[in-house]
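Structure first, commentary second.
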Amino acid sequence: MEKFDSQKHSRLIDSMPFSYVSTAVYLDFCAYILKTNDEELVVKEDVVSHNFPYFFLPRKKENWECMSASMVSKEDIQKIKDSGIEVSWENPTETEFIYSTQNLLNPTKGYKNKIKRFENNYEYTILKKYDKEKILSFYNLWEGQKEDLNNIFAKESNDFFFYCLNNLEKYNIKQIYVEVDEKLVGFVWGVKHSSDKWVSIHIKSDYQYRGLNRFLNHEITKEFADTKIVSLGTGCQDEGLIQNKKELGPIEEKQYYYVATTGKIRKLFV
2 MEKFDSQKHS
12 RLIDSMPFSY
22 VSTAVYLDFC
32 AYILKTNDEE
42 LVVKEDVVSH
52 NFPYFFLPRK
62 KENWECMSAS
72 MVSKEDIQKI
82 KDSGIEVSWE
92 NPTETEFIYS
102 TQNLLNPTKG
112 YKNKIKRFEN
122 NYEYTILKKY
132 DKEKILSFYN
142 LWEGQKEDLN
152 NIFAKESNDF
162 FFYCLNNLEK
172 YNIKQIYVEV
182 DEKLVGFVWG
192 VKHSSDKWVS
202 IHIKSDYQYR
212 GLNRFLNHEI
222 TKEFADTKIV
232 SLGTGCQDEG
242 LIQNKKELGP
252 IEEKQYYYVA
262 TTGKIRKLFV
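When you line the sequence shown up against this note's numbering, it's residues 2 to 271, in that order.
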């Protein structure tokens, strides 16, 4: 097994479905390459089982047998079953929210009103670079505001944040920082995925500033105005976050399943 390197394995990114997890920065952070039946497959360690499931359904059907994969669609599951392979386990995991860039740039009334609420109520400054130590200080403040610190995604999210912080220039991560009274109150980072797609990888805001989260989303979208679609990631099994993302008007909600298979189903009688 080989560590994923986006410089070396860029062709694999091009062949993967559009997703938060198929960005170069995320794959370099946590993914590995496993070669099976002359196919290079992208895998990641499962935080619970410590197995290494595939991210997505392999291209070659030979690799569908006796596999596990963590981001499989309902359509993919049907393909597996239609090929005669038994799906021994399937469990819905996450929903990823996909949006039109233009829709986010030209928000609906409710979304627009929340942006205006922040703009009208606070004297703010927008910056595109910021002192690392001040970012860390704010991150600790933001962490203290979170209600669910035991979410299974928390450790990975925390580790990924620090990986991004230490590699902002390497991955050309677009950054928006907002100050009120010369104090950092929120920031958002985004990264290009391909020529017409981008992903918002981190957004952190002080919850006491009403409308700030929507304002940050709108400002980072301006940095990618030449693209068509964007992923704002998943809801991380957080009902509040899921509702927040639904309110933004996604054009697609991708439901993923964690799937395990056995071999082909053999007919005992003809």
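Beta carbons are placed, not taken as given, at the ideal position from N, Cα and C, and that holds for glycine.
| Query | Result |
| --- | --- |
| If I follow the unbroken beta strand (DSSP E) through I174, where does it start and stop? | Counting along the chain, I174 falls outside any beta strand (DSSP E), and DSSP gives it neither H nor E. |
| Checking 8 Å against the spacing of the C-beta atoms, do S232 and I136 come in under that value? | no |
| Go through the stretch 200 to 265 residue by residue and report every complete run of the beta strand (DSSP E) that reaches 3 residues or more, in order. | 230 to 235, 253 to 265 |
| Given this structure, state the Cα-to-Cα distance separating L269 from E87, to the nearest angstrom. | Here the model assigns L269 a pLDDT of 42, short of 50, so the residue's position is not dependable, and the following value carries that caveat. Distance between the alpha carbons of L269 and E87 is about 15 Å. |
| Please work out which residues of its chain come closer than 7 Å, Cβ to Cβ, to L3, disregarding the five sequence neighbours upstream and downstream, and give them in chain order. | Residue 3 is actually Glu in this sequence, not Leu. The answer, listed in chain order, is Y33, I34. |
| Out of S69, L105, A155, E63, state which residue places its alpha-carbon closest to the alpha-carbon of H51. | S69 |
| Roughly how many whole angstroms lie between the Cα atoms of K75 and V22? | 18 Å |
| Which residue or residues does DSSP assign as beta-bridge partners of T37? | E40 |
| Under the rule that 16 or more other beta-carbon atoms within 10 Å means buried, what is C67, buried or exposed? | exposed |
| Going by alpha carbons, who is nearest to F188 out of S195, H203, D182, H194? | H203 |
| Take Q209 as the anchor and find which of T228, N173, V181, W65 has the nearest alpha-carbon. | V181 |
| Here's a check: name, in chain order, each residue in its chain whose Cβ is nearer than 8 Å to the Cβ of E97, leaving out the five neighbours to either side. | S20, Y21, S232, G234, T235, E254, K255, Y257 |
| Where C31 and F5 are concerned, what is the direct C-alpha to C-alpha distance, given to the nearest angstrom? | 8 Å |
| Below 8 Å on the Cβ atoms is my contact criterion, and I expect K129 with I177 to pass it. Report the Cβ-Cβ distance as a whole number of Å. | 7 Å |
| What are the start and end residues of each continuous alpha helix (DSSP H) run of 4 or more residues lying completely inside the stretch 82 to 114, in chain order? | 102 to 106 |
| Taking the CB atoms as reference points, tell me whether T44 and P54 lie closer together than 8 Å. | A small correction: the amino acid at residue 44 is Val; Thr does not occupy that position in the sequence shown. Yes, the Cβ-Cβ distance between V44 and P54 is below 8 Å. |
| Relative to the C-alpha of S11, which candidate in T109, H194, L213, Q244 has its C-alpha closest? | H194 |
| Name the DSSP bridge partner or partners of L128? | Y178 |
| How many angstroms separate the CA atom of Q281 from the CA atom of A226? | Look at the range of the chain in this structure, 2 to 271, and you will see that residue 281 is not part of it. |
| Following the continuous alpha helix (DSSP H) through S23, name the residue where it begins and the one where it ends. | Counting along the chain, S23 falls outside any alpha helix (DSSP H), and DSSP gives it neither H nor E. |
| Return the Cβ separation of V313 and L213 in integer angstroms, given the expectation that the two are a contact with Cβ distance under 8 Å. | With the chain running from 2 to 271 in the structure shown, residue 313 is simply not present. |
| Do you know offhand how far Y123's Cα is from P18's? | 40 Å |
| Assuming the contact rule is C-beta atoms closer than 8 Å, R215 and I127 should be a hit. Round their C-beta distance to whole Å, please. | Not confirmed; about 14 Å, so no contact. |
| Relative to the C-alpha of Y172, which residue among W199, S158, R211 is closest? | W199 |
| Taking buried to mean at least 16 other C-beta atoms within 10 Å of its own C-beta, is K133 buried or exposed? | exposed |
| Suppose you measure from the CA of I78 to the CA of T37; what does that come to, to the nearest Å? | 20 Å |
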